[in-house]
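S.K.: Numbering (the working numbering), first residue to last: 35 to 866.
Built from N, CA and C at the ideal position, the CB exists for glycine as well.
Nothing here was measured: the structure is a model prediction, and the numbers come from that model.
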C-alpha cells in the first residue's frame, strides 16, 4: 500500500474503536494468563530485589502517605535515607497508585501493578504494529510476543526495569505517528511523546530510559525523519524537535531526576566505574543460543544455572519461531521507512548487549550515557522490540505463499533439536565422568562453613552431582525435544498447500506456547504474609523494648551457607523465611525497625566505609589475632563504635560475646545480640575530638572519644559535669525532629541519624549549621542552657525539581490543548 493510498483510507492508519476495545480485552486476558499462578492462588511474588528491596520501599511510601506525610526521608535504613530521592521507589510515577495509595493488601497491590504493566506492554506493542500498517492478526501476535518475552518475564523481580521497559513501544508508535503527520497534528503527536518520555523517566530505571531514547534516535534516522518536510529549513526544524521533545520529557521528570542525582553524588555508586564495572552483565557470545533455548545453561528456577552471572540480567529469550518470522519479514520491513527501524533496533540491540565481547564497545564508553550505566545486556530491550516488530512483518508476509527457504529453515530447527537430543544421550556418561572428576577436586578443598548451620559433608560436591546433574541433563533433553517439535510444527505450517489462516494460527500458537512454557512456572511464589509477618528475631527486639538501630554482621557468608545445595530459586520458601530473620536489604521497613544497612542501588558512600571498618575490627577472630599477632582494634571498641551511632542490637551468625555483646535470641543460625554500650538516638557530648578528613573521622570513631566532630571547633580544656544534662523528644517524624535540651556547659547534640544535604537545623528558632559527627551522623553545637533544637529535611533539589516538573507539565498540556482546539489544516504529505 502506497503512502497516498494510506492517507486516502483513514482505517488503514487508525484502527476502529471496536477493534481497539477487543484488543484491550485480549491483552487483559493475556496479562491474566501471564500472572495466573499468583492471581488465582493464595501465594504471591517475593524473590530477589522485588521482595527484599522494592516492595518494602513501596510499602513505606504508602504508610507515610496514609499518615499525611510527604515521603521524603525514612529513618529505617542506612541510618536514614532520602526515600523520595531513591528513584526506583517511583514516588512520582503515576502507575504506582496501587502500591502507594489506598489500603489494598501488599500482595494484591503488587500483583495488580504487574498485571497492569503486562497489559500495557501488549497493548502498546499492538498499537506500534498498527501504526506500521500491520494487520490486526500480526499486531496481536506482536503484542503477545513482547508482553510474554523473556526480557520482561525474567525482569519481574526487578520492578523498575519491568515498568520502564514497557513504554518503548508506545514511544516508537508516537514517533511514527509524528513522522507521518505535519503541522499541528505532528505537534500533537510530539507533545504526547513528550508526556510519555516523562512518565517513563518517573518509572525510573535510567538505563531503560537511556536505551529508549537511543531507540527513538535510531528509529528517526532509519525512517528518514524530516526528509519529507518539504524544505531544508523545515527538515532542520523537524530534527531540532527531537532533542526538544527529549529535553522537555526529562524536565517533566525533574521532580524525580534532580533529587536522585543529588543522592547519586553522595552514594558509593559514584565512587566506582571503569571498564570492568561498566561491562558487568555483558551477554557472552557463547550464551547467545539462550535467545532460543533460555535454560541451556540451567535456570535459577531449578537451581542448576551455571552460566555467566546473572540469569535474569542476561535473559533475552524470544524463541526460535519469532526469529524465523522476523527473518521472513526483514526484507519487506527494510523497504518500509517504519519497518527499517526494527531491523536496526534488532541488530544494534544485540551487538551492544554483547558488551565486552563486542570489540568496539570500549570505544562507546567515551560517549555520554554509555559511561554511566553497567549491564550492557539490557540493550536486549532494543533487540526484543526489533524482533517483535519484524515478526509482525513476517506474519503479513505469510498471507501469500511462503518462500521455500522458510520451510527449510524450520526443518533445520527440527534437525538441530533431534541432533542435540541424540548427541546428549550418547555423551551423557562422558559428561557425568568429566563433572565427577572436577567435583572430586573440589571435595579435596572443601572446608567447614562458619555459618552456624553445621559443617559441610566431605562428599558434598559428589552429592550435588547426583542431585543436580542428572536432572539438569534430563531437562535439557526435554528442551531439545521441544525445539525439535517446534521445528516440525513450523515446517508443517509453512508448507505451500496449507491455507494462510491455518498457517498463521499454527505459527502463532507454537510461538506463544514456547514463551509460555518458559514463563509460566518461572517466578517463585510464597505466602502473602511473607512481606508483613514479624520474624522471630524481630519479635525478640520488640519484646526487649529498647530503642535503637540494628547492625547486620556476616550476612553474605551466612546466606551462601544457607543456600548451598538447595535447588530452585536458592532454596525456595524454606530458605526465604529463614533469610527474613536477618532483615536483609530493606526488609526492616516492613517490620517497623531501623537498621544500618539497606537495599538500594545508591547506598551511602560512608556506609560502605563503616562496614569495612567494623569488619576489619571483628575479623580475624580473637584467637586468630593472638596466634598471628595482627594489630587490630581491641574487641570492646566494636561495641563502643557501634554504640556511638545508636546501634543497640547486632544480628550475626558469629559468636560476638568476646566483643562485649550480650546474646538475646537465636533463629535460623543467627544470634541477636544487645549492645550494652549503645547510645540513645540523640545524646549530648561534653568531650569530643575534631577531625578534618573522612579517614581521620573514621579512625577517631574507633577510639575512646565521646564524639568525633568534623568541625573546626576544638574541645574546651574543661567542661562542667553532665549530671543534669537531658534530651527530651518533642516531635519525631521522618523529616521533622524537635528536641528539648538542657546543657550545663558547651555541648554537641549528636543525632545519630545519617548526615545528608537538605537537612536544616534551628536552635531556639535561629538557624544553625549541621556538622558531620561520628563519621556519618549529624550534630549541632550548643551553648549552656535550655534550648529547643529542630531538624527539618527540606531539600532544594526536590523543590527545584517540582517547580520544573509542574511548569513543564503546564506548558505541555497548554500546547496540547491548543493543538486539539485549533483546526488549521495540515500540509500535504509527499508519497513514500
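1) Tell me whether residue 820 is buried or exposed, calling it buried when 16 or more other Cβ atoms sit within 10 Å of its Cβ.
2) Roughly how many angstroms lie between the CA atoms of residue 780 and residue 743, to the nearest whole one?
3) Check residue 819 in the structure and name its three-state DSSP category.
4) On a Cα-Cα basis, can you pick out the residue from 68, 112, 354, 835 that is closest to residue 635?
5) Which one of 627, 595, 605 has the shortest CA to CA distance from residue 577?
6) Pairing CB atoms from the stretch 86–97 with CB atoms from the stretch 158–166, are three or more of them under 8 Å?
7) What number of angstroms, rounded off, separates the C-alpha of residue 481 from the C-alpha of residue 698?
8) Taking the C-alpha atoms as reference points, what is the distance between residue 856 and residue 215?
9) State the Cα-Cα distance for the pair residue 366 and residue 433, rounded to the nearest angstrom.
10) With DSSP as the reference, label residue 534 as helix, strand or coil.
11) Tell me the DSSP bridge mates of residue 760?
12) In terms of alpha-carbon separation, which member of 770, 585, 602 lies closest to residue 690?
13) Would residue 187 count as contacting chain C if we go by Cβ distances under 8 Å?
14) According to the Cβ coordinates, are residue 290 and residue 235 closer than 8 Å?
15) Please work out which residues of its chain come closer than 6 Å, Cβ to Cβ, to residue 580, disregarding the five sequence neighbours upstream and downstream, and give them in chain order.
16) Relative to the alpha-carbon of residue 331, which residue among 624, 503, 425, 276 has its alpha-carbon at the smallest distance?
17) Please go through the same chain and pick out, in chain order, the residues whose beta-carbon is closer than 7 Å to the beta-carbon of residue 318, but skip the five residues on each side of it.
18) Please report how far the alpha carbon of residue 625 lies from the alpha carbon of residue 97, in whole angstroms.
19) Does residue 770 come out as helix, strand or coil in the three-state DSSP assignment?
20) Does the stretch 148–164 come close enough to the stretch 513–529 to have 3 or more Cβ pairs within less than 8 Å?
21) Output the distance between the C-alpha atoms of residue 484 and residue 612, rounded to the nearest integer angstrom.
22) Closest to residue 763 by CA distance: which of 81, 278, 725, 825 is it?
23) State yes or no: is the C-beta of residue 458 within less than 8 Å of the C-beta of residue 510?
24) Between which two residues does the beta strand (DSSP E) holding residue 699 run?
25) With contact counted as at least three CB pairs below 8 Å, one residue from each stretch, are the stretch 281–289 and the stretch 357–366 in contact?
26) If I measure Cβ to Cβ from residue 559 and keep anything under 8 Å in the same chain, skipping five residues before and after, which residues do I get?
27) Identify every run of the alpha helix (DSSP H) within the stretch 498–562, keeping only runs that are complete inside it and at least 4 residues long; order them along the chain.
28) On the criterion of 16 or more Cβ atoms from any shown chain inside 10 Å, does residue 69 qualify as buried, or is it exposed?
29) With DSSP run on the structure shown, which of helix, strand or coil describes residue 693?
30) Output yes or no for whether 8 Å exceeds the beta carbon distance between residue 745 and residue 734.
31) Please classify residue 585: does DSSP put it in a helix, a strand, or coil?
32) Closer than 8 Å by C-beta to residue 437: which residues in its own chain qualify, once you throw out the five before and the five after it? Chain order, please.
33) Is it true that the CB of residue 175 sits closer than 8 Å to the CB of residue 539?
34) Can you tell me which of 694, 406, 416, 51 puts its alpha carbon nearest to the alpha carbon of residue 379?
35) Residue 444 and residue 358: beta carbons closer than 8 Å?
36) Consult DSSP for residue 432 and reduce its assignment to one of helix, strand or coil.
M.R.: Per the coordinate set shown:
1) An exposed status is given to residue 820, since fewer than 16 other beta-carbon atoms sit within 10 Å of its beta-carbon.
2) Note on geometry: alpha-carbon atoms of residue 780 and residue 743 lie some 14 Å from one another.
3) Reduced to three states, the DSSP call for residue 819 is strand.
4) Nearest option by C-alpha distance: 112.
5) Among 627, 595, 605, the Cα nearest to that of residue 577 belongs to 627.
6) Inter-segment contact for the stretch 86–97 and the stretch 158–166 is absent: fewer than three beta-carbon pairs are separated by less than 8 Å.
7) Residue placement at residue 481 cannot be trusted, given a pLDDT of 43 that sits under 50; what the coordinates show is reported in the next sentence. Cα-Cα distance, rounded: 29 Å.
8) Those two C-alpha atoms are separated by around 15 Å.
9) Going by the C-alpha atoms only, they are around 13 Å apart.
10) In the structure shown, residue 534 sits in a helix (DSSP, three-state: H, G or I).
11) Per DSSP, the beta bridge partners of residue 760 are 776.
12) If we check each option's Cα against that of residue 690, 585 comes out closest.
13) Of the chains in the structure shown, none is chain C; there is only one protein chain.
14) Residue 290 is a Cβ neighbour of residue 235, given a cutoff of 8 Å.
15) Excluding five sequence positions before and after residue 580, the CB atoms of its chain that fall closer than 6 Å to its own CB belong to 682, given in chain order.
16) Taking residue 331 as reference, the option from 624, 503, 425, 276 with the minimal CA-CA separation is 503.
17) Exclusion of the five residues before and after residue 318 leaves 342, 391 as the residues of its chain whose Cβ lies within less than 7 Å of its Cβ.
18) Each residue's alpha carbon lies about 12 Å from the other.
19) Taken through DSSP and simplified to helix, strand or coil, residue 770 comes out as strand.
20) Taking a cut-off of 8 Å for Cβ pairs, the stretch 148–164 and the stretch 513–529 do not touch, as fewer than three such pairs fall below it.
21) Unreliable positioning characterises residue 484 in this predicted model, as indicated by a pLDDT of 40, which lies under 50. The coordinate reading is nonetheless provided below. Linking residue 484 to residue 612 through their CA atoms gives a straight-line distance of about 17 Å.
22) Comparing Cα positions, the closest option is 825.
23) Pairing residue 458 with residue 510 gives a Cβ-Cβ distance under 8 Å.
24) Here the beta strand (DSSP E) through residue 699 covers 696–701.
25) Result no; under three Cβ-Cβ pairs closer than 8 Å.
26) Spatial neighbours of residue 559 in its own chain (CB-CB distance under 8 Å, excluding positions within 5 residues in sequence) are listed in chain order as 71, 72, 75, 77, 78, 79, 80.
27) Within the stretch 498–562, the complete alpha helix (DSSP H) runs of at least 4 residues are 504–527, 534–553.
28) Under this definition residue 69 is a buried residue.
29) If DSSP states are grouped into helix, strand and coil, residue 693 belongs with the helices.
30) No, these two residues do not count as a Cβ contact at 8 Å.
31) Reduced to three states, the DSSP call for residue 585 is strand.
32) Close CB contacts of residue 437 within its chain, under the 8 Å cut and outside five residues either way in sequence, are with 362 (chain order).
33) Taking 8 Å as the Cβ cut-off, residue 539 and residue 175 do not qualify as a contacting pair.
34) Closest option to residue 379, Cα to Cα, is 416.
35) The answer is yes: Cβ separation under 8 Å.
36) Coil, per DSSP.
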